[in-house]
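Report on the following structure.
The structure is reproduced here in structure tokens:
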């Protein structure tokens, strides 16, 4: 590795550790230095796999930059998106701490950067720093609560409610562009369908219906939320 590339990677790791939303903020300066020395970063192009279903986890992965979808392959090869990750969150942690192989795959939906800490290093820090343990547990518990709510949404709501909830979820996860209405993530119609547990044709048809009702506006993969109150009402009514 050339010196300039090494410095870039080191700086990325430092930024992850010191990020305001990082669980690593509770570490002492000495622990942070040790962690940084044992952290590696990787770069992924849009569409590249970060990890695959069935593989053994390589460590605790933090998303530094970009957006990632985590999905399982179902019947007939159809994907079911179970999570959407944003910086500075963890991905692939369930299998890691369960000491199992990955039960889902992660793919970058835009150019992304990850930082990985080995399982042995994380275990060492958890055993010696109770604040880090609690911080990680809180992070996992929050994600579990979200997953439980999504399970109810995807199994009990009708198509309109599921799609509305997915659009609100994307808004809450990634926010808006500077115009204040365009969701700051551009998914294919297939990905929107896989996130909402519906066929692609139903997703396309329902998006068009929402647009016709003035709830959203569509420009290619860009989706603008024009009527937040109505979209929220559709989601709640299910």
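Residue numbers (UniProt numbering): 1 to 238.
Glycine included, each C-beta is placed from N, C-alpha and C at the ideal position.
Query: For the putative contact between residue 63 and residue 91, defined by C-beta atoms under 8 Å, what is the C-beta separation to the nearest angstrom?; Result: 6 Å
Query: Compute the beta-carbon to beta-carbon distance between residue 53 and residue 73, rounded to the nearest angstrom, for a pair I have assumed lies under 8 Å.; Result: 7 Å
Query: Around the C-beta of residue 210, are 16 or more other C-beta atoms found within 10 angstroms, so that it is buried, or is it exposed?; Result: buried
Query: For residue 157, count neighbouring C-beta atoms within 10 Å of its own C-beta (all shown protein chains included) and say buried if the count is 16 or more, exposed if not.; Result: buried
Query: In three-state DSSP terms, what is residue 165?; Result: helix
Query: Do you know offhand how far residue 127's Cα is from residue 138's?; Result: 16 Å
Query: Taking buried to mean at least 16 other C-beta atoms within 10 Å of its own C-beta, is residue 75 buried or exposed?; Result: exposed
Query: Which same chain residues end up closer than 7 Å to residue 104 when comparing Cβ atoms and leaving out the 5 residues on each side of it in sequence?; Result: 53, 70, 71, 72 and 82
Query: Near residue 176, which residues of its chain fall below 7 Å by C-beta distance, leaving aside the five closest residues on each side in sequence?; Result: 182, 183 and 184
Query: For the alpha helix (DSSP H) that contains residue 68, what are its first and last residues?; Result: No alpha helix (DSSP H) holds residue 68; the beta strand (DSSP E) holding it covers 68-73.
Query: Please determine, among 223, 61 and 110, the residue with the shortest C-alpha to C-alpha distance to residue 88.; Result: 61
Query: Rounded to whole angstroms, what's the CA-CA distance from residue 8 to residue 78? Just pull it up for me.; Result: 38 Å
Query: Between residue 85 and the rest of its own chain, which residues show a CB-CB distance below 6 Å, the 5 nearest in sequence each way excluded?; Result: 63, 68 and 91
Query: Give every residue of the same chain whose Cβ lies closer than 6 Å to the Cβ of residue 42, excluding the five residues on either side of it in the sequence, and list them in chain order.; Result: 114
Query: Identify whether residue 199 lies in helix, strand or coil by the three-state DSSP scheme.; Result: coil
Query: For residue 1, count the other beta carbons within 10 Å of its own beta carbon; 16 or more makes it buried, fewer makes it exposed. Which is it?; Result: Bear in mind that the predicted position of residue 1 carries a pLDDT of just 46, short of 50, making it unreliable; the figure below should be weighed with that in mind. Label assigned to residue 1: exposed.
Query: To which residues does DSSP link residue 39 through a beta bridge?; Result: 117
Query: For the candidate residues 56, 38, 19 and 203, whose alpha-carbon lies nearest to that of residue 167?; Result: 203
Query: Nearest to residue 36 by CA position, among 23, 48, 11 and 21, is which residue?; Result: 11
Query: Please go through the same chain and pick out, in chain order, the residues whose beta-carbon is closer than 7 Å to the beta-carbon of residue 232, but skip the five residues on each side of it.; Result: 168
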